[in-house]
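In this note's numbering, the protein residues as written are 316 to 464. We put the CB at the ideal spot given by N, CA and C, even for glycine. Given the structure is predicted, the values throughout are model-derived calculations rather than measurements. Below is one structure, written out as structure tokens; comments come after it.
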Ligand SMILES: [Zn+2]
């Protein structure tokens, strides 16, 4: 199975690389995430960022601040750009994976925003939350995150 092979998980669709990275992050966090929107989806609130590979939303309704921080940290260490969207009625973490092919244009812009310490939204506001000490991407071949430039 190649990196682009489609995988279905919790009612969402992912490319194999993104699925592997989510599983890796869950193992690090020590619990299973509640998956909202996956990849290859076109949710009205996502401005097309989910139409390609590499994207996932993790539902955060009812989760403690500590648990939300744990999910964010685990996703970022796996090689995702990730942000907590504290939107009333739709609290979730939006994440885009570095190192996969076929990421939608809007999501690629968000990867740039993440490296620039921004929030990945239209106004590109500062995001001062945790970043791994060295930049990371997911390696499909090695089945783990690796350093990137
Ligand atoms: Zn999203």
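Worksheet item: So the alpha helix (DSSP H) residue 462 belongs to, where does it begin and stop?
Response: Here residue 462 is taken as the residue at index 147 of the chain shown, counted from 1. Element bounds for residue 462: not the alpha helix (DSSP H) but the beta strand (DSSP E), 459-462.
Worksheet item: In this structure, does DSSP put residue 440 in helix, strand or coil?
Response: Within the chain shown, the letter at position 125 stands for residue 440. Note: residue 440 maps to coil in three-state DSSP.
Discussion item. Any heavy atom of ligand 1 closer than 7 Å to the beta-carbon of residue 406?
Written reply: Within the chain shown, numbered from 1, the residue matching residue 406 stands at position 91. Flag unset: Cβ of residue 406 not near ligand 1.
Discussion item. Quick check: the region 375-390 against the region 420-428, are at least 3 beta-carbon pairs closer than 8 Å?
Written reply: no
Worksheet item: Exposed or buried, what is residue 457 when buried is set at 16 or more other beta-carbons lying within 10 Å of its beta-carbon?
Response: Position 142 of the chain shown, counted from the start, is the residue given in the question as residue 457. So residue 457 ends up on the exposed side.
Discussion item. Just to confirm my understanding: we take residue 386, look at its own chain, exclude 5 residues before and 5 after, and list those with CB closer than 7 Å. What are they?
Written reply: Here residue 386 corresponds to residue number 71 of the chain shown, with the count starting at 1. Same-chain partners within the cutoff: 344, 348, 373 and 408.
Worksheet item: Do the region 356-366 and the region 389-397 make contact, defined as three or more Cβ pairs closer than 8 Å?
Response: no
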